[in-house]
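Below you'll find the structure, written out as C-alpha cells, and then a few comments.
Protein chains: 2
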Amino acid sequence: MIDFNFSIPTKVLFGAGRLDELKREPLPGRFALVVVSAGKAMRENGYLDRVLEALKHQGIEYLIFDKIRPNPSKADVMEAAQLARDNFCDFVVGVGGSSTIDAAKGAALMARNPGDLWDYIVTGSGKGKPVKNKALPIVAVMTTSGSGTEVNPWMDITDEELHEKIGFGVPSTFPTLSVVDPELMLSVPPMMTVIQGFDAFFHAAEGFIAKIATPISEAFSLQVIRLIYKNLPKVAQDGSDIEARTNVALAGLLSGMVQSTSSCTSEHSMEHALSAYHPELPHGAGVLMISEAYFSFFAKYVPDRFIKMAHMMGEVTDGLPEEEKPYTFVRALHKLKEKCGVDGLKMSDYGIQADEMETLARNAHKTMSNLFAMDRYTLSLQENVDIFKAAYR
Amino acid sequence: MIDFNFSIPTKVLFGAGRLDELKREPLPGRFALVVVSAGKAMRENGYLDRVLEALKHQGIEYLIFDKIRPNPSKADVMEAAQLARDNFCDFVVGVGGSSTIDAAKGAALMARNPGDLWDYIVTGSGKGKPVKNKALPIVAVMTTSGSGTEVNPWMDITDEELHEKIGFGVPSTFPTLSVVDPELMLSVPPMMTVIQGFDAFFHAAEGFIAKIATPISEAFSLQVIRLIYKNLPKVAQDGSDIEARTNVALAGLLSGMVQSTSSCTSEHSMEHALSAYHPELPHGAGVLMISEAYFSFFAKYVPDRFIKMAHMMGEVTDGLPEEEKPYTFVRALHKLKEKCGVDGLKMSDYGIQADEMETLARNAHKTMSNLFAMDRYTLSLQENVDIFKAAYR
C-alpha cells in the first residue's frame, strides 16, 4: 500500500533571467555569509557581483568565503562555518555549482552546532550524534544543474584524510530559497553540463528503482529521464541553445525532488568511493563510468521499472523476449552516452588503477552503507567488486 | 520558455494508519484551537478523540470550535478566530474535510490580523488590503480527499449575505503539517467520495489547460487524471476498497499540488457562483454539473491538452478527424460519470432555476474574476451564460 512522507520546503524561482528578482525577494536574514568557489568564474561572469548588488539593494551586509573546490572538503566547510559564527552571520548564500551549495549547507549547519561535521554524520567514521540546532537559513543561487542540491537537504562533503565522501543532511539544510536561472548556465562548458546532466539522469533512474520510490518521485523520475533524453544531446551539440539548457536545468531540479521523495541507490555509494580516492574526478563522470555495468546488473531484479524507463527513452520492447526487455534501458543509456560524446570516459584516464576495485567496494560499503539499503536486491561485497571490475576500462 | 515558481512548504504524512504518528510528530505550538465540523461524524468515528489524545500525549493544551458547516461561512471563521485570539492559541488544528480545513485556515489568518476577512480578499466586494501578519501555523488532519486544501494555501469561504464564495490564500496559509490517512476515509459514504474525487479530477484538468501550467503541475495533473479514471469507479462500487480509496486520496493530494503549481480556471469561478446562492450544494457536485458543457466549450481552444488528458483515460484518437480528437476527453468524462453513477446529477434537483443563469454568470465574473484570467480563451459574460444554460437540466 502507498505510504510516504512529502516535504520540500524550498521556494524555487526557475527561469531565464530570474536572478534579477533576488533584489526584491524576501531573504531570511540581515548579514549573509556568501560562499563561492575558489575559481574565477563567479567573478569573471559577473554572477557574484549581481548577487552582492541584490544584497546591497536590500540593505543586507555580507562577508565572502571564496575557497570552495570541487568535491568540497570538510576542512573548508569548517573554516566557512567558523567565519560565519565569529561574525554573527544570520544566513548563508551559496553562489555556484553543487560543490559550492553543498559547502554552504555544511557551513550553515556547523555555524550553529558545536564540534566537527563528522560528529553528526551517520555512516563511515561519523559519530552519528543528533544535530541539536537548526542550520542557518540557506539561499542557493545555482550556476550549474544536475545535483539537485537546490531542492534537497543533501550535501556531499569529503574528509580527505579519511578518504570518506559522505552524503548528509537534516530537514534544516533544505535551502529556504533557490534561484535556478538557466542564463547563468550558458557560461558552463557544454561537456560539463552533459556530465552533470547525466548525474540528474542517474538520480532519477536510481530513485525510480529504489525500494522507497513513491508515486510522486516516480512522476518526477520519468519526466527527468524524458527531458535528459531529449535535451542533453542538444546541449552537447550547441551550448548556446538556451531552450535545451532550460530543459536540462528543469531535469536537474526535478531530480533533486526525486532525491527528496525517494533516494539514490548504491550506484551513488560506489561513485563516492571513486571521488574519495580521486577528488579531481567530477562526480557525474564517476557515475557515468559505473552506470552501464551497474544497471546491467540490476536489470533482472527490477525488470518492470527498467522497461518503463526504456519507454521514456523511445525504446520499443514489444516483440522482444521477456528477459531481454529490461536491458533495452541499458542499450538506450549507451546510445545517449554516444550521442552526448561521453561514451569514451575511462577510469584509467583519471589515474584509477585496475587493482583498486576491492578497496573502492569496501569504501562504498563502509562510508555510504545507507544507500545499499535502498536497493531492491542487496549487493554483496563481491558483487560490488564485480560491478566495479566490469565497469573498469 | 519555461518559467515558474515552486513553493509547497507543507510536510505531508500520507498512508493508511499514519494518524497514529501525530502523537510523535513535532507540532508548531503549545496551545491549539481545534476546528471541527458541526456534524457528529468526527466524534462518532473517534477521529476527534484520536487527535485530542495525540495533543495530550505531547502535553499540548487545546480548545475546540465545532460549528463548521459545508461551504463554511465568514461568520463562523471570524468567531473561531476571535476564540483563538482571546485565548492566546498559538496554532490551529483542523480535523475534517475541506470545509473544516478551509475554515481552520481562515481562523488562523484572522487570529493574527485585524478587521474582517473581506478586508483582505482581492476579488468581489473584498477590499484587497495587504495581509500584515502571518497566519498561526496550521495542522490539517484530513478525513476526506479531493479539494487539495492539504497542500495549498487556498480557503473557500462564503459571505452568505453578499452571496460571495471566494477563494483566498497567502503563503502562510499553507498547512505546516498535513496528515492524509485513507483509513479515516472509509467512513465517508462512497457517493460523497466520488463527488469529491471528481473535484480533484477537475482541479487537475483545469490546472492542465490553465495558462500558467508548468512542467511540474502537468506531471501531477496527468497522474491525477489517471488515478481518478482507474480508481473512482472502484470506490463507487465498494466503499471498503482501501486500495482504491488510497489512490483517490493520493489523487486528491496531487490535485492540491496542481493548485499550488498551476491554477484552477473559470469552471471553479462558475461553481462558486452556484454555491454562493445554493450553499447546500456540495462543491464537487456543482463542478460536475457544469463540467461537460464547460469542457465542450474549451475543447477547440486547447486541443493538444485535451487529447493528452483523453489518452490518460484510455481513449484512442488515432484515425479520428483532427477536429474531433479533443472531444474524446469530454466523452471519456461522460463515461467516467456513468461508471461512478453521477451522470444523473441535475441543477434542478438542488432547487436551481433555469432563469438564474445570468445572475450566476455575473456573480462568477465578479467574485472570482481572477480565475477567468487563467483561461487560454477569455470568456465573455454571454458565453459564460451560454455554458451555464447548456449545463442546466
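Sequence order for the protein chains is E and C.
Position 114, counted from 1, in the first sequence is what this note's numbering calls 114; the numbers after and before it change by one each time, with no gaps.
Position 115, counted from 1, in the second sequence is what this note's numbering calls 115; the numbers after and before it change by one each time, with no gaps.
Where is the CB? At the ideal position from N, CA and C, for every residue including glycine.
Query	Result
On the criterion of 16 or more Cβ atoms from any shown chain inside 10 Å, does Gly239 of chain C qualify as buried, or is it exposed?	buried
Quick check on the DSSP output: what are the complete beta strand (DSSP E) runs of length 3 or more inside the segment 83-130 of chain E, in order along the chain?	91-96
Measure from the alpha carbon of Cys264 of chain E to the alpha carbon of each residue in E:Arg18, E:Asp375, E:Ala140, E:His365, then state which is nearest.	E:Asp375
Does Lys11 of chain E come within less than 8 angstroms of chain C when only Cβ atoms are used?	yes
Distance cutoff 8 angstroms, beta carbons only. Does Gln82 of chain E sit that close to anything in chain C?	no
What residue range is occupied by the uninterrupted alpha helix (DSSP H) comprising Thr317 of chain C?	Where Thr317 of chain C is concerned, there is no enclosing alpha helix (DSSP H), given that its DSSP letter is neither H nor E.
As a quick exercise: from C:Thr10, C:Lys339, C:Pro153, C:Phe198, pick the residue whose alpha carbon is nearest that of Gln259 of chain C.	C:Pro153
Where do the ends of the alpha helix (DSSP H) carrying Phe31 of chain C lie?	Element bounds for Phe31 of chain C: not the alpha helix (DSSP H) but the beta strand (DSSP E), 31-37.
Listing by chain order, which chain E residues have their CB less than 9 angstroms from the CB of Pro233 of chain C?	Ordered by position in chain E, no residue passes the 9 angstroms Cβ test against Pro233 of chain C, which lies about 19 angstroms from the chain.
In this structure, does DSSP put Ile290 of chain E in helix, strand or coil?	helix
Tell me whether the beta-carbon of Asp156 of chain E lies closer than 8 angstroms to the beta-carbon of Asp241 of chain E.	no
Give me whichever residues DSSP pairs with Phe403 of chain C in a beta bridge.	Nothing about residue 403 of chain C can be reported from this structure: the residues present for chain C run from 1 to 393 only.
Taking 8 angstroms as the CB-CB cut-off, is Leu250 of chain E touching chain C?	yes
Taking Ile8 of chain E as the query, report the chain C residues whose CB atoms sit under 7 angstroms from its CB, ordered along the chain.	Ile8
If you follow the beta strand (DSSP E) that Val141 of chain E is in, where does it begin and where does it stop?	138-142
Can you have a look at Gln237 of chain C and say buried or exposed, based on whether 16 or more other CB atoms are within 10 angstroms of its CB?	exposed
Straight-line CA distance for Ile64 of chain C to His268 of chain C?	31 angstroms
To which residues of the same chain is Lys325 of chain E closer than 8 angstroms at the C-beta, ignoring the five residues directly before and after it?	Pro303, Phe306, Ile307, Ala310, Thr317
Around the C-beta of Asn133 of chain C, are 16 or more other C-beta atoms found within 10 angstroms, so that it is buried, or is it exposed?	exposed
Using a Cβ-Cβ cutoff of 7 angstroms, what residues of the segment 43-73 of chain C are near chain E? List them in chain order.	none
Per DSSP, what kind of secondary structure is Tyr47 of chain C in: helix, strand or coil?	helix
Mapping the DSSP letters down to three states, classify Asp375 of chain C as helix, strand or coil.	coil
Would you tell me roughly how many angstroms separate the C-alpha atoms of Ile212 of chain E and Ser255 of chain E, rounded to the nearest one?	15 angstroms
Under 8 angstroms between the Cβ atoms of Ala273 of chain E and Leu360 of chain E?	yes
How would you list, in chain order, the residues of chain C whose beta-carbon sits under 8 angstroms from the beta-carbon of Gln223 of chain E?	Pro215, Ala219
Hey, does Phe4 of chain E have any beta-carbon neighbour from chain C nearer than 8 angstroms?	yes
For a cutoff of 8 angstroms on Cβ pairs, would you count Glu150 of chain E as touching chain C?	no
Chain C partners of Thr246 of chain E, CB-CB under 9 angstroms?	Met1, Ile2, Asp3
Less than 8 angstroms between the beta carbons of Met164 of chain C and Ser73 of chain C, yes or no?	Position check: residue 164 of chain C holds Glu in this sequence, whereas Met was assumed. It is not a contact, given that the beta carbons lie outside the stated cut-off.
Let me see if you follow: with CB-CB separation under 8 angstroms, is Glu183 of chain E close to chain C or not?	no
What are the uninterrupted segments assigned as alpha helix (DSSP H) that are 4 or more residues long and contained completely in the segment 205-245 of chain E, given in chain order?	215-237
Mapping DSSP to helix, strand and coil, what is Phe65 of chain E?	strand
Please classify Asp159 of chain E: does DSSP put it in a helix, a strand, or coil?	strand
Of all the CB atoms in chain E, is at least one closer than 8 angstroms to the CB of Glu280 of chain C?	no
Restricting to Cα atoms, I'd like to know which of C:Thr378, C:Phe91, C:Phe329, C:Glu44 is closest to Arg226 of chain C.	C:Phe329
Per DSSP, which one or two residues make a beta bridge with Ser266 of chain E?	Bridge partners of Ser266 of chain E: none, in fact.
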